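Just so you know, the protein sequences line up as chains A and B, in that order. Residue numbering for the first sequence is 4 to 167, as defined by my numbering. Residue numbering for the second sequence is 362 to 723, as defined by my numbering.
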Amino acid sequence: MELVQPGIGLIFWMTLSFAALIFILAKFAWKPILKGLHEREASIDDALNAANKAREDMKALKFSNEQMLKEAKEDRDVILREARAIKDKVIDEAKEKASAEAARIVEAAKENIQYEKMAAITDLKNQLATLSIEIAEKVLKEELSAKNKHKDLVERLIGEVKFN
Amino acid sequence: MKIKYKGLSFIRQIALIVGVMIISTQVSFSNESEGRHLTNDEEVYDAGKMIIEHVIDAHEWHIMTIGKTHVSVPLPVILYDEGEFVVFMSSKFHHGHEEYKGYKLELDGENKGKIVNVESGVLPLDLSITKNVAAMLMSMVFISWLFISIARSYTKRKGMAPKGMQSLLEPLIIFIRDDVAKPSIGEKKYEKYMPYLLTLFFFIFLNNMFGLIPFFPGGANLTGNIAITGVMAVFTFLITTFSANKNYWVHIVNTPGVPWWLKIPIPLMPVVEIMGVFTKPFVLMVRLFANITAGHIIVLGFMSLIFIFGNMNVGLGYGVSVVSVAFAIFMGLLELLVAFIQAYVFTLLSALYFGMAMEESH
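Pasting the structure below:
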């Protein structure tokens, strides 16, 4: 029976000291402990969130890097293509210019030749005129000697004239 | 700095208490072989008496008996009798063999183990610091020191990983918070009840463990005492009752979903519900008391077997001791498990009752 008979003294001391224990521990132990736990959990959550965010940022950064690289490559290709086009154009233009110049030079040469030719012809004409006058002189001189001979002479002389 | 000082003062307090007890132990060595002893040498070994003496409360903390010399820690006796307080040390009784200031410690009969006024024969109001009160106070000082020093490391090492004692007990604190309080009471209201639930859990758990230590300063069957478990059950009952909302009382007085003829004219359901309000803490009290006491009785029973058989034949006693010790070790391991489970169950059920008291109508 003693087992199930609660002692008054024990009940008294237990009530008093258990209430005191709850009060003391609540104030000096559980409050800082639970607060500390809560704070630590919050800081771990924050750290994990920050890490996740950093990872996302890294991903975005990597993506944008790749994007930039891709764009740069495209730009390079465009530039190279343009440069090639410009080069071709320059070469073409140069060729055109060169052929035009060549044509011009040929033209000029032709003109020059023509001119020289004309000059030569004029010269020739002048000489011919001079020759003609000389021939005429000679003819006139011959005429005085032989009439037929004149004609032969003229013909011979004319045949002798060579256009150079 | 202030907290640090407090922690140190707790260590000092413990040292002081232990020191005083050790000194007084030596003082109370009383040689009783000189005479006036009623028992004779051929005293028959009574297992039942031995076991009961080990699991009940006492006015002195008996450590061991060598021959006829009792080694025990005397504890203060505080009596309130005829309008005045009487205070003296329990060693004055000489283990019940002497009267002091007109009081004696009954050794037999109806009032066995109680202090009786010799003249009037009545039992005075006994507020003595008994073995269990002393064990309880010591365990409370220990628990306070333990958790205040842990709390200090939480404030000192803010946001850092737990260390030492802190990392040993933190899983239990988180277990009580996340697996007991939160699911039973609810996310919103659990915080208010955390101090009580944590105190309850660690008080029961640590005292269950101390109770398993077979010698001083452990060995007091504190959580196996019905007064201790009863007070804790009353605390749970009071907190449940005071945190109850309207819905809880409506459920008791006018239980919904029950045929009307169970309520009128004979209020059958309200009577059952009101009984339930009281049986819940009553069951809490009995469960813890019975589990812990039963465990102690079984271990003591195995130990008694050695002496029972030893009294028949010394050789038989040695033979049985092997089996008994093996079973006692097994029981001890089981008791370690029970120490945790019973603390957990008491805390969990308390939390569930709080949760039920605040449940909203659905």
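Glycine included, every Cβ here is placed at the ideal spot set by N, Cα and C. Bear in mind that the values here come from a model prediction, so they are computed numbers and not experimental data.
Classify residue i: buried if its beta carbon has 16 or more other beta carbons within 10 angstroms, exposed otherwise.
i, result
"Phe577 (chain B)", "buried"
"Phe26 (chain A)", "exposed"
"Trp621 (chain B)", "exposed"
"Leu529 (chain B)", "exposed"
"Ala512 (chain B)", "buried"
"Met719 (chain B)", "buried"
"Ile627 (chain B)", "exposed"
"Met673 (chain B)", "exposed"
"Ser445 (chain B)", "Per the sequence shown, the amino acid found at residue 445 (chain B) is Glu instead of Ser. Counting Cβ neighbours within 10 Å, Glu445 (chain B) comes out exposed, since fewer than 16 surround it."
"Glu137 (chain A)", "exposed"
"His398 (chain B)", "At His398 (chain B), the pLDDT of 39 sits below 50, so the modelled position is not reliable and the matter cannot be decided from this model."
"Pro556 (chain B)", "buried"
"Asn401 (chain B)", "For Asn401 (chain B), the predicted model reports a pLDDT of 44, less than 50, meaning its position is unreliable; a value from the coordinates is still stated below. Answer is exposed; the Cβ neighbour count stays below 16."
"Met593 (chain B)", "buried"
"Asp469 (chain B)", "exposed"
"Arg84 (chain A)", "exposed"
"Ser173 (chain A)", "Past the edges of chain A, shown from 4 to 167, lies residue 173 (chain A), and the structure says nothing about it."
"Ala700 (chain B)", "buried"
"Ala105 (chain A)", "exposed"
"Ser481 (chain B)", "exposed"
Quick test of your reading: residue i and residue j, contact by CB under 8 Å. State the CB separation rounded to the nearest angstrom.
i, j, result
"Val448 (chain B)", "Gly463 (chain B)", "Contact doesn't hold; Cβ gap of about 14 Å is too wide."
"His484 (chain B)", "Ser711 (chain B)", "Looking at the sequence itself, residue 484 (chain B) is Leu, so the reference to His does not match. That belief does not hold up - the Cβ atoms of Leu484 (chain B) and Ser711 (chain B) are roughly 33 Å apart, past 8 Å."
"Asn568 (chain B)", "Leu583 (chain B)", "5 Å"
"Leu486 (chain B)", "Ile11 (chain A)", "6 Å"
"Gly591 (chain B)", "Met646 (chain B)", "5 Å"
"His420 (chain B)", "Ser451 (chain B)", "4 Å"
"Phe21 (chain A)", "Phe454 (chain B)", "At roughly 28 Å, the Cβ-Cβ gap does not stay under 8 Å, so Phe21 (chain A) and Phe454 (chain B) are not in contact."
"Ile613 (chain B)", "Ile635 (chain B)", "6 Å"
"Phe650 (chain B)", "Asn586 (chain B)", "7 Å"
What did DSSP end up calling residue i once you bin it into helix, strand or coil?
i, result
"Ser433 (chain B)", "strand"
"Ala23 (chain A)", "helix"
"Lys465 (chain B)", "strand"
"Glu188 (chain A)", "What is shown of chain A runs 4 to 167, which leaves residue 188 (chain A) out entirely."
"Met501 (chain B)", "helix"
"Asn478 (chain B)", "strand"
"Tyr406 (chain B)", "coil"
"Val592 (chain B)", "helix"
"Glu445 (chain B)", "strand"
"Ile491 (chain B)", "The sequence as given places Thr at residue 491 (chain B); Ile does not occur at that position. Thr491 (chain B) falls in the coil class under three-state DSSP."
"Ile439 (chain B)", "strand"
"Glu721 (chain B)", "coil"
"Thr426 (chain B)", "strand"
"Glu531 (chain B)", "helix"
"Met71 (chain A)", "helix"
"Met521 (chain B)", "coil"
"Leu583 (chain B)", "coil"
"Leu37 (chain A)", "helix"
"Leu51 (chain A)", "helix"
"Leu559 (chain B)", "helix"
"Leu486 (chain B)", "strand"
"Glu421 (chain B)", "strand"
Using a Cβ-Cβ cutoff of less than 6 Å, which residues in the same chain neighbour residue i once the five nearest sequence positions on both sides are dropped?
i, result
"Glu393 (chain B)", "Legend: pLDDT at Glu393 (chain B) = 39, less than 50; position of this residue unreliable, value from coordinates given subsequently. Same-chain partners within the cutoff: Lys429."
"Tyr551 (chain B)", "Ala542, Lys543"
"Glu696 (chain B)", "Leu573, Gly656"
"Leu709 (chain B)", "Val541"
"Glu158 (chain A)", "none"
"Met692 (chain B)", "Ile659, Val660"
"His456 (chain B)", "His431"
Going by beta carbon distance, what residues of the same chain come within less than 8 Å of residue i, once the five residues before and after it are set aside?
i, result
"Gly680 (chain B)", "Phe670"
"Phe501 (chain B)", "According to the sequence provided, residue 501 (chain B) is Met. The question's Phe does not apply to it. Closer than 8 Å at the Cβ level, and outside the excluded window around Met501 (chain B), lie Phe564."
"Phe688 (chain B)", "Phe663"
"Ile14 (chain A)", "none"
"Ile439 (chain B)", "Phe446, Val447, Val448, Asp487, Leu488, Ser489, Ile490"
With a cut-off of 8 Å, does the C-beta of residue i fall near any C-beta of chain C?
i, result
"Asn652 (chain B)", "In the displayed structure, chain C is absent; the protein chains listed are A and B."
Leaving out five residues on either side along the sequence, give the residues of the same chain with a beta carbon under 7 Å from the beta carbon of residue i.
i, result
"Met630 (chain B)", "Thr616, Val619, Leu623, Lys624"
"Glu721 (chain B)", "Asn608"
Q) In chain order, which continuous runs of the beta strand (DSSP E) of length 3 or greater are located wholly inside the region 612–662 of chain B? A) List check, beta strand (DSSP E) in window: nothing returned.
Q. In chain order, which alpha helix (DSSP H) runs of at least 4 residues are fully inside the region 103–164 of chain A?
A. Entirely contained in the region 103–164 of chain A, the alpha helix (DSSP H) runs reaching 4 residues are, in chain order, 150–163.
Q.
Ignoring anything shorter than 3 residues, give me the beta strand (DSSP E) runs that lie fully in the region 667–719 of chain B, in order along the chain.
A. Entirely contained in the region 667–719 of chain B, not one beta strand (DSSP E) run reaches 3 residues.
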